[in-house]
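Engineer: Protein chains in written order, with the numbering used here: chain Y, 3 to 323; chain H, 2 to 276.
All C-beta atoms in this analysis are idealised placements derived from N, C-alpha and C, irrespective of residue type, glycine included.
All values derive from a computational prediction rather than experimental measurement.
One structure, pasted below without further comment.
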Amino acid sequence: MKHLLKKTAVAVLALGLSATAATAEKIRIALAETPSDELAAFFVALERAKANGLDYEWTAFSDEELAIQAVLSGQMDIGFGTPYAAMQRSKAPIRILFQLSKLKFFPVTTKTYSKLEDLNGEPILLHSRGGGTDSIANVIESKLGMEFGERSYVPGSSNRVAALLGGRADATIIDLSNKNKLMRSEAGSNFNVLEMFDVEASDEALFGNLDWIQNNADDVQIFINALVSTYTDMHDDPTIIRRETNPDGPIGQLPEEILAELDGFYSDAVEAGLYSPDGGGRVAAKADMEWYSAAGQLDGSPDELNIEDFWYLAPLDAAMK
Amino acid sequence: MTNAEPTAVPGAPFGAPGTKRPLPSRALVLKIVSALILFGAWEIAGRVPVSLAFPTFLESMGALFRMAVDGTLWTAYAETLQPLAVGVAISAVLGIAIGLWVGLSDFFDWLFSPIFIVMQAAPLAALIPLLVLAYGIGLTSKVLVVCIMAMPVIVLNTAGAVRNTPESMKEMGKAFLASDLSIILKIIIPAASPVIFAGLRLGISAGFIGAILAELKITPTGVGDIITYSRSIADYPSMYAAIFSIILLAVLFLNLLEKTEAVLFKGNQRGYVSD
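Below, the structure written as structure tokens:
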């Protein structure tokens with residue numbers, strides 16, 4: 003009996019090892035959401051990287067925190083998100099490689115309000131506590147010396163637009179594409195987009211485990227090169243995203259209506275500065291530190307924080323040469 | 002199960018209550034030992050660590066203590082207990098009433114049983130958007146989630162128990178010219194009570210799951226908010242402390258329910274796993 007148990011244990015262990023060995027070749031990418039129009043540029047970059055020999059597989063998680071946790075526990079190699087709090091608090095050896103998008107969000111209100119200061123003491127609808135829009139609200143408060151009233155949370159910009167249209171909220175903060183959809187619709191005349199300061203901080207960034215990044219430097223370099231080239235080309239001509247989208251890939255399989263809007267989405271996004279063509283780098287790192295300290299996700303003064311503790315810039319520097 | 006007894010017969014006095022359970026001290030020792038093993042394993046898993054996102058037991062308890070002292074935990078529970086208490090109360094009262102009805106009448110069985118079987122099998126998390134569409138993001142939706150989780154098992158268990166009341170007991174009642182109401186109150190309900198309470202226990206545990214599910218999936222408030230917020234700022238000890246606290250509350254509540262059963266229907270206890 004003991005013998006049998008031992009044999010089984012060895013067999014299970016061997017199976018587990020061979021399974022990890024088999025998958026070690028592929029880069030495992032943890033997406034923070036299911037593939038949508040917003041990820042089209044990322045998938046174009048993946049196609050380019052694949053053409054240069056990168057082998058990858060991706061898994062979509064239902065939210066950013068799960069993607070971060072999967073990278074923390076080593077089940078995924080590279081993830082999507084802004085894991086600043088995780089890097090600082092859990093001392094996780096995780097580094098950001100590339101800024102995928104900036105925190106471009108827009109305060110939208112009913113006609114009752116015309117500037118941010120009018121929202122002093124007024125209730126506001128945000129994504130989630132501790133999330134990006136919550137941090138925007140925190141920074142608005144500290145920059146303008148005001149305070150929002152009760153904050154309620156409804157995940158998803160489109161759901162917050164629905165709440166706005168249904169009269170269940172008077173003020174919210176939503177993303178670029180939902181803002182454009184709302185303001186270009188007939189109902190748009192009932193709402194105001196309030197003027198806000200520019201935000202350079204990251205909304206989504208690509209990050210990975212430092213050991214893994216250093217051990218797979220070649221693959222990482224191919225990936226970052228592809229991202230930089232895609233983002234640069236996109237800035238010159240946003241329609242390349244639609245043209246280069248693989249019709250058999252996850253984005254190409256989306257409904258025709260969504261694909262038809264890709265050109266409009268990326269033209270708007272490039273115009274609004276949602277993406278930095280150079281992957282952010284030191285500028286983004288600095289902006290992130292200031293932003294996430296102000297938003298309460300990072301402890302300590304932003305001047306004392308060390309960029310190298312949060313970003314691994316070597317691949318991006320090499321790609322920009 | 003050395004103290005197994007035949008199916009409870011209402012009104013029939015059994016031996017002294019003290020002989021029914023294992024010695025309390027032994028039960029207590031077993032409970033403490035199993036808790037120690039569990040928490041020890043948690044502590045070790047946290048220290049290894051199995052994941053950087055998994056805190057040790059002591060860190061989590063530290064976070065729990067901190068939240069209890071600064072009041073975060075109590076404000077969160079004041080929020081979470083609203084849908085939970087309302088939902089569980091509705092499910093228990095309405096569930097037992099409907100269950101009795103379904104068990105007593107073939108017509109209502111035909112009418113209601115399928116609804117509850119569908120409710121029990123439905124993938125609730127996937128249906129939450131529909132509930133939000135119909136009832137908004139407020140308390141109503143959350144109470145409904147709790148009810149959908151808790152009610153089916155209460156109704157179906159009650160109905161099954163009522164249907165399985167020994168026929169001979171009911172006939173005896175009729176032979177003694179008891180009214181229908183007396184037969185229900187004095188024969189059927191006491192005979193069905195062990196299974197009704199089993200259903201209540203399962204239903205209420207499901208209700209706890211529903212309350213947290215609603216807070217995670219509809220709008221983060223109360224304990225669900227502590228869980229999502231701590232996770233988004235990578236304060237994993239607080240996240241696990243919140244999860245631990247809700248499990249603890251559920252266990253305590255189920256124990257209370259069991260004590261209530263022991264007081265209400267003496268003679269039915271047969272030593273449950275959770276005691």
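1) Which value, in whole angstroms, describes the spacing of the CA atoms of P157/Y and A127/H?
2) Taking 8 Å as the threshold (beta carbon to beta carbon), is A126/H in contact with chain Y?
3) What is the residue span of the alpha helix (DSSP H) that Y86/Y lies within?
4) Is A42/H buried or exposed, if buried means 16 or more other CB atoms sit within 10 Å of its CB?
5) Please classify A46/H: does DSSP put it in a helix, a strand, or coil?
6) Counting pairs of beta carbons, one from the segment 235 to 246 of chain Y and one from the segment 26 to 38 of chain Y, are three or more of them closer than 8 Å?
7) Can you list, in chain order, the residues of the segment 219 to 238 of chain H whose Cβ is nearer than 7 Å to any Cβ on chain Y?
8) Looking at C-beta atoms only, is the number of pairs between the segment 267 to 282 of chain Y and the segment 219 to 230 of chain Y that lie closer than 8 Å three or more?
9) Is any beta-carbon of chain H found at less than 8 Å from that of G132/Y?
10) Roughly how many angstroms lie between the CA atoms of V51/H and A263/H, to the nearest whole one?
11) Below 8 Å, can you find three or more Cβ-Cβ pairs linking the segment 101 to 113 of chain Y to the segment 172 to 181 of chain Y?
12) For a contact meaning CB atoms closer than 8 Å, what does S52/H contact in chain Y?
13) At what residue ranges does the segment 223 to 247 of chain H contain a whole run of the beta strand (DSSP E), taking only runs of 3 or more?
14) Put P130/H into one of helix, strand or coil per three-state DSSP.
15) 8 Å is my cut-off, CB to CB: does I138/H come that close to chain Y?
16) Give me the subset of the segment 80 to 105 of chain Y whose CB atoms are less than 9 Å from a CB atom of chain H, sorted by chain position.
17) What does E67/Y touch in chain H if you count any residue whose Cβ is under 7 Å from its own?
18) Measure the C-alpha to C-alpha separation of G200/H and G208/H and round it to an integer number of angstroms.
19) Who are the near neighbours of V222/Y in its chain, counting only those whose CB is closer than 6 Å to its CB and skipping five residues on each side?
20) Note down, in chain order, every chain H residue with its Cβ under 8 Å from the Cβ of S144/Y.
21) With a Cβ-Cβ cutoff of 8 Å, do P153/H and F117/H count as a contact?
22) I need the DSSP call for L315/Y, collapsed to helix, strand or coil.
23) For the alpha helix (DSSP H) holding L203/H, just list the boundary residues, first then last.
24) Any C-beta of chain H within less than 7 Å: which residues of the segment 284 to 299 of chain Y qualify?
25) On the criterion of 16 or more Cβ atoms from any shown chain inside 10 Å, does L265/H qualify as buried, or is it exposed?
26) I'd like the list of long-range same chain contacts for D311/Y, defined as Cβ closer than 6 Å, with 5 residues on each side in sequence excluded.
27) Does chain H have any CB closer than 8 Å to the CB of Y155/Y?
28) Take K218/H as the anchor and find which of S142/H, M240/H, M120/H, S114/H has the nearest alpha-carbon.
29) Would you call D107/H buried or exposed, if buried means 16 or more other Cβ atoms sit within 10 Å of its Cβ?
30) For D238/Y, does the three-state DSSP call read helix, strand or coil?
31) Mark S159/Y as exposed unless 16 or more other C-beta atoms lie within 10 angstroms of its C-beta, in which case mark it buried.
32) A72/Y: buried (16+ other C-beta within 10 angstroms of its C-beta) or exposed?
33) Can you tell me where the beta strand (DSSP E) with P109/Y in it begins and where it stops?
34) Leaving out five residues on either side along the sequence, give the residues of the same chain with a beta carbon under 6 Å from the beta carbon of A243/H.
35) Roughly how many angstroms lie between the CA atoms of M198/Y and A139/Y, to the nearest whole one?
Structural biologist: Quick answer:
1) Their Cα atoms are separated by approximately 16 Å.
2) no
3) Taken as a continuous stretch (DSSP letters only), the alpha helix (DSSP H) holding Y86/Y covers 86 to 91.
4) exposed
5) helix
6) With a cut-off of 8 Å, the segment 26 to 38 of chain Y and the segment 235 to 246 of chain Y do not count as touching, because too few Cβ pairs lie within range.
7) Correct list: T220, P221, D226, T229, Y230, R232, S233, I234, A235, D236, Y237.
8) yes
9) yes
10) Using only the alpha carbons, I get a separation of about 42 Å.
11) yes
12) Q71, L74, S75, G76
13) Along the segment 223 to 247 of chain H, the beta strand (DSSP E) does not occur as any fully enclosed run of 3 or more residues.
14) helix
15) yes
16) P85, Y86, A87, A88, M89, Q90, R91, S92, K93, A94, P95, I96
17) R232, S233
18) 12 Å
19) By the criterion of a C-beta distance shorter than 6 Å, V222/Y is surrounded in its chain by I215, P317, once the five residues flanking it on both sides are discounted.
20) The contacting residues do not exist; S144/Y stays about 17 Å from chain H at best.
21) yes
22) coil
23) Unbroken alpha helix (DSSP H) run through L203/H: 190 to 218.
24) Q299
25) exposed
26) none
27) yes
28) Across the set S142/H, M240/H, M120/H, S114/H, the C-alpha of S142/H shows the shortest separation from the C-alpha of K218/H.
29) For D107/H, the number of other beta carbons within 10 angstroms of its own is below 16, and it is reported as exposed.
30) helix
31) buried
32) buried
33) 107 to 112
34) V224, I227, I228
35) 11 Å
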